[in-house]
Amino acid sequence: MDTLDEPLDVLKFSIAQQIYIKMRNNIELKGTLVSYDNHLNMIISKAEETSFQEGIKTKRKLDALYLRGDRIILISPLKKGITLL
1 MDTLDEPLDV LKFSIAQQIY IKMRNNIELK GTLVSYDNHL NMIISKAEET SFQEGIKTKR
61 KLDALYLRGD RIILISPLKK GITLL
């Protein structure tokens, strides 16, 4: 089994897998990670965006989107079996 030696290894092992992303401005995303770079810019496919604005929860589905890395707060793989320790 591959080990996680660097922080970005979590993303490397999550390519083509479902991930959860928490972003600034109360936005959460779930989708398939297509690619990323060292700035955490990402391309996500089959995404579901959930936003929370003024107490109202809004959801929408997107075929593909580009995320700018400086907007990301948290990233987590949704795949079971990725051991982070």
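Here full-length UniProt numbering is used: position 26 in the sequence shown is 26, and no number is missing along the way. Ideal Cβ positions, reconstructed from N, Cα and C, are used throughout, including at glycine. Keep in mind it's a predicted model, so treat the numbers as computed, not measured.
Taking a 10 Å sphere around the C-beta of ALA47, we find 16 or more other C-beta atoms and assign the residue as buried. Secondary structure of ASP5 (DSSP, three-state): coil. For the 8 Å CB-CB criterion, GLU49 and ILE27 form a contact. Per DSSP, the unbroken beta strand (DSSP E) holding ILE73 starts and ends at 72 to 77. An exposed status is given to GLY55, since fewer than 16 other beta-carbon atoms sit within 10 Å of its beta-carbon. Residues of the same chain with a CB within less than 7 Å of the CB of PHE52, apart from the 5 flanking positions on each side, are ASN26 in chain order.
Sequence-distant partners of SER76 (beyond 5 residues in either direction) whose C-beta falls short of 7 Å from its own C-beta, in its chain, are ILE19, TYR20.
Contact between LEU78 and LYS12 does not hold, since the beta-carbon distance rounds to 16 Å and is not under 8 Å.
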